[in-house]
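Q: Right, I'll just put the structure down here and ask away after.
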Amino acid sequence: MSSEQGERIIPDAKFLKEIAAEVELDRNFWAPASRAAALSSTEVDRQLTATDALVAGVLDGSALVGEMPPQPPTLRAKIGRALVSIVRRAVFWLIDQIRSFQVAVAASQQEQARLLRAQAAMIDNLNALRAQQETVFTQFEQRIREALRSKQAEVDRYLHQTRMQLALQERRLTTLLRETRRSGPRASDEAGSAGQAESVVPMTDPIYVEFENLFRGDRADIKRRFEVYIPRLKDCKLGHPEMAVLDLGCGRGEWLELLRDEGLTGSGVDMNLVMIEECGNLGLSVTAGNAIQHLRSLPAASIGVVTGFHIVEHLPIDDLLALLDETNRVLRPGGLAIFETPNPSNMLVSTENFYLDPTHRNPLPKALLRFLLEARGLCDIEVLPLHPYPESYRLVDDGHPCARLLNQLLFSEQDYAVIGRKV
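Heads up: the sequence shown begins at 39 in our numbering, then just goes up one per residue.
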């Protein structure tokens, strides 16, 4: 499938989804009206029955106006008949008027009954039209959904073919990189990442960016995690231009963006050219290059803070020591070094999550990284636990040592940071 076909397919699918949403909206709009129509029809039937009964009663009563009541063969009945006869003679002139009035009332009620029957017929017709409309909507919705399924299948095939082509290009690029390195001079200090051996072909830049986007988390979440360091920098009066922050392996630039949002000064360095371009598009100060080589290019005592988030676990021990030596050299007195890394004390991290990133070398225990910072000249070392599992994950602490131990091994902090100060 060509790219032109792919561009044509995707807008069509979006259009069909919008139409389906409109159909569903129309169905929801007409549903209350249909229920109201049914209620109106029931009310009309009730009123029509009452009107027919009223007309029959009025006509029956009109026929009795001026007539003498039945006369039982009793003295009381004879006296009553005589009294009624006297009254009848007294009001005989009203009889025709009463009859005319009752006939007029009956005619009015009959006209109302006729109108009610006409209204009932109109409601029946309206309900029939609504039923037809519902049928049309249902059929149209079915056609839309069938079209969506068909288009979605085409989109899925297109995306699958695109991924296959990207994978093929990645393999070709990796092969080309391997052959270029075999034919070119070897230089261990120009490693593929901060300190990686030259003979190792790293993950290519685009695929590692895709990996980071999928597993690391979105920008907002990462920036929230970094907020823990901001008060520390401000309390130590770091992050202003004379004590600027340098972020090693800055990646997508979340830390640099947070520094800028907080009014602090920072720059970064990274080997991944795709990430460097992304940071540049955000207006961040970044440099493409090797972390150790970049530190070596800086004057001594020129940086206020050196940070490295999830970078030290990528390095062999010799390169890690070189990184710490250069960090200590470029820091100004009173400056800080902050290195964050996965916490191997958490078994879920050290046995599985750590190895999700194929460029990781080995976990670094807290005691080891603390010792290395002290051994390379940094002081006042602090270990900061970070990002524990939610409390809902933890076992109920019933006072038994096993529950506390399992919570510590399985649900403790997923990361930690080691912070050292240059004196």
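Cβ coordinates follow ideal geometry from the N, Cα and C atoms, glycine included.
Between the C-alpha atoms of residue 455 and residue 402, what's the straight-line distance to the nearest angstrom?
A: Position 417 of the sequence shown, counted from the first residue, corresponds to residue 455. Position 364 of the sequence shown, counted from the first residue, corresponds to residue 402. Their backbone Cα atoms lie some 11 Å apart in a straight line.
Q: Distance check for residue 445 and residue 437, CA to CA, integer angstroms please.
A: For the purposes of this step, residue 437 is taken as residue 399 along the sequence shown, with counting starting at 1. For the purposes of this step, residue 445 is taken as residue 407 along the sequence shown, with counting starting at 1. Going by the C-alpha atoms only, they are around 12 Å apart.
Q: Which residues share a DSSP beta bridge with residue 376?
A: If you number the sequence shown from 1, residue 376 lands on position 338. DSSP output for residue 376 lists 345 and 457 as bridge partner(s).
Q: Please name the residue in 430, 152 and 404 whose C-alpha comes closest to that of residue 419.
A: In the sequence shown, the residue the question calls residue 419 occupies position 381. Selected option, being the one with the closest Cα: 404.
Q: Are residue 377 and residue 346 close, meaning C-beta to C-beta below 8 Å?
A: Against the sequence shown, residue 377 aligns to sequence position 339. Against the sequence shown, residue 346 aligns to sequence position 308. For residue 377 and residue 346, yes; Cβs fall inside 8 Å.
Q: By DSSP, does residue 441 sit in helix, in strand, or in coil?
A: Position 403 of the sequence shown, counting from 1, holds the residue named residue 441. Here residue 441 sits in helix by DSSP.
Q: Just how far apart, CA to CA, sit residue 175 and residue 81?
A: Against the sequence shown, residue 175 aligns to sequence position 137. Against the sequence shown, residue 81 aligns to sequence position 43. Using only the alpha carbons, I get a separation of about 28 Å.
Q: Got a sec, what are the start and stop residues for the alpha helix (DSSP H) residue 352 sits in?
A: Taking the first residue of the sequence shown as position 1, residue 352 is located at position 314. Unbroken run through residue 352: none, as it is neither H nor E.
Q: Can you list, in chain order, the residues of its chain with a C-beta nearer than 8 Å to that of residue 385? Leave out the 5 residues immediately preceding and following it.
A: Mapped onto the sequence shown, residue 385 falls at position 347. Here the set comprises 447 and 448.
Q: Would you tell me roughly how many angstroms separate the C-alpha atoms of residue 199 and residue 183, rounded to the nearest one?
A: Your numbering for residue 199 matches position 161 in the sequence shown. Your numbering for residue 183 matches position 145 in the sequence shown. Rounded to the nearest angstrom, the two C-alpha atoms are 24 Å apart.
Q: Determine which residues share a DSSP beta bridge with residue 288 and list them.
A: In the sequence shown, the residue the question calls residue 288 occupies position 250. Answer by DSSP bridge pairing: none, since residue 288 is not bridged.
Q: For residue 462, I'd like the list of residues in its chain whose CB is within less than 6 Å of its CB, leaving aside the five on either flank, ordered along the chain.
A: Here the chain comprises residues numbered 39 to 461, so residue 462 is not present and cannot be evaluated.
Q: Assess contact between the region 280-298 and the region 331-349, defined as three or more Cβ pairs (one per stretch) separated by less than 8 Å. Is contact present?
A: In short, these stretches touch, since the Cβ pair count reaches three.
Q: So what's residue 179 in DSSP terms, helix, strand or just coil?
A: As a working mapping, residue 179 is identified with position 141 in the sequence shown. Reduced to three states, the DSSP call for residue 179 is helix.
Q: Am I right that residue 416 and residue 460 are in contact with their C-beta atoms under 8 Å? What's the rounded C-beta distance?
A: For the purposes of this step, residue 416 is taken as residue 378 along the sequence shown, with counting starting at 1. For the purposes of this step, residue 460 is taken as residue 422 along the sequence shown, with counting starting at 1. With 8 Å as the limit, residue 416 and residue 460 qualify as a contact, their Cβ atoms being about 6 Å apart.
Q: Just checking, does the region 290-309 make contact with the region 260-278 on the three C-beta pairs under 8 Å criterion?
A: They touch, by the three-pair rule.
Q: Please report how far the alpha carbon of residue 161 lies from the alpha carbon of residue 83, in whole angstroms.
A: Position 123 of the sequence shown, counting from 1, holds the residue named residue 161. Position 45 of the sequence shown, counting from 1, holds the residue named residue 83. Those two C-alpha atoms are separated by around 11 Å.
Q: Where do the N-terminal and C-terminal ends of the alpha helix (DSSP H) with residue 326 fall, by residue?
A: Looking up residue 326 in the sequence shown gives position 288. No alpha helix (DSSP H) holds residue 326; the beta strand (DSSP E) holding it covers 324-326.
Q: What does a CB cutoff of less than 6 Å around residue 68 pick up in its chain, not counting 5 residues either side in sequence?
A: Residue 68 sits at position 30 when you count from the first residue of the sequence shown. With a pLDDT of 48 at residue 68, under the threshold of 50, the modelled position of that residue is not reliable, and the figure given next carries that caveat. Result list for residue 68: empty, nothing under 6 Å.
Q: Return the chain-ordered list of same chain residues with a C-beta closer than 6 Å to the C-beta of residue 293, the five sequence neighbours on each side being excluded.
A: Reading the sequence shown from its first residue, position 255 is the one you call residue 293. Answer for residue 293: 264 and 285, listed in chain order.
Q: Quick one: is residue 356 buried, meaning 16 or more other Cβ sit within 10 Å of its Cβ, or exposed?
A: Numbered from 1 along the sequence shown, position 318 holds the residue referred to as residue 356. Exposed, because fewer than 16 other Cβ atoms sit within 10 Å of the Cβ of residue 356.
Q: Could you tell me whether the Cβ atoms of residue 291 and residue 322 are closer together than 8 Å?
A: For the purposes of this step, residue 291 is taken as residue 253 along the sequence shown, with counting starting at 1. For the purposes of this step, residue 322 is taken as residue 284 along the sequence shown, with counting starting at 1. In contact: residue 291 and residue 322 (Cβ atoms closer than 8 Å).
Q: Could you name the residues that DSSP lists as bridge partners for residue 317?
A: Taking the first residue of the sequence shown as 1, we reach residue 317 at position 279. In DSSP, residue 317 forms no bridge with anything.
Q: Who are the Cβ neighbours of residue 373 in its own chain at under 8 Å, not counting the five residues just before and after it?
A: As a first step, residue 373 must be located in the sequence shown, where it is residue number 335. Taken in chain order, the residues that qualify are 276, 281, 341, 342, 343, 344, 459 and 460.
Q: Could you give the distance in angstroms between the alpha-carbon of residue 259 and the alpha-carbon of residue 430?
A: Here residue 259 corresponds to residue number 221 of the sequence shown, with the count starting at 1. Here residue 430 corresponds to residue number 392 of the sequence shown, with the count starting at 1. Using only the alpha carbons, I get a separation of about 20 Å.
Q: Is the beta carbon of residue 295 sitting closer than 8 Å to the one on residue 261?
A: Within the sequence shown, residue 295 is the residue found at index 257, counting from 1. Within the sequence shown, residue 261 is the residue found at index 223, counting from 1. In this structure, residue 261 lies closer than 8 Å to residue 295 by Cβ.
Q: Using the rule of at least 16 other Cβ atoms within 10 Å of the residue's Cβ for burial, across every protein chain shown, is residue 187 buried or exposed?
A: For this step, residue 187 is matched to residue 149 along the sequence shown. Residue 187 comes out exposed.
Q: Output needed for residue 314: all residues of its chain with C-beta closer than 7 Å, excluding positions within five of it in sequence on either side, in chain order.
A: Residue numbering aside, residue 314 sits at position 276 when the sequence shown is read from its first letter. Closer than 7 Å at the Cβ level, and outside the excluded window around residue 314, lie 308, 324 and 326.
Q: Could you check what DSSP says for residue 269 in three-state terms: helix, strand or coil?
A: Locating residue 269 in the sequence shown gives position 231, counting from the first residue. Residue 269 falls in the helix class under three-state DSSP.
Q: Out of 452, 348 and 151, which one is the CA nearest neighbour of residue 427?
A: Numbered from its first residue, the sequence shown carries residue 427 at position 389. Of the listed residues, the one whose Cα sits closest to residue 427 is 452.
Q: Please list, in chain order, all residues of the same chain as residue 149 whose beta carbon is under 8 Å from its beta carbon, the five residues on each side excluded.
A: Within the sequence shown, the letter at position 111 stands for residue 149. Excluding sequence neighbours, residue 149 sits near nothing in its chain.
Q: Could you please give me the residues that DSSP links to residue 307 through a beta bridge?
A: For the purposes of this step, residue 307 is taken as the residue at position 269 of the sequence shown. Looking at the DSSP assignment, residue 307 forms a beta bridge with 286 and 325.
Q: What would DSSP say about residue 238, mapped onto helix, strand or coil?
A: Here residue 238 refers to the residue found at position 200 when the sequence shown is read from its first residue. For residue 238, the predicted model reports a pLDDT of 38, less than 50, meaning its position is unreliable; a value from the coordinates is still stated below. Three-state DSSP puts residue 238 in coil, outside helix and strand.
Q: Would you check if the distance between the CB atom of residue 407 and the CB atom of residue 350 is smaller than 8 Å?
A: Sequence index remark: in the sequence shown, residue 407 carries index 369 (1-based). Sequence index remark: in the sequence shown, residue 350 carries index 312 (1-based). Closer than 8 Å, so yes.
Q: Are the beta-carbon atoms of residue 379 and residue 332 separated by less than 8 Å?
A: Within the sequence shown, the letter at position 341 stands for residue 379. Within the sequence shown, the letter at position 294 stands for residue 332. Result no, Cβ atoms of residue 379 and residue 332 do not sit closer than 8 Å.
Q: How should residue 457 be labelled, buried or exposed, when 16 other C-beta atoms within 10 angstroms of its C-beta is the threshold for buried?
A: Stepping through the sequence shown from its first residue, residue 457 is reached at position 419. By the 10 Å Cβ count, residue 457 comes out buried.
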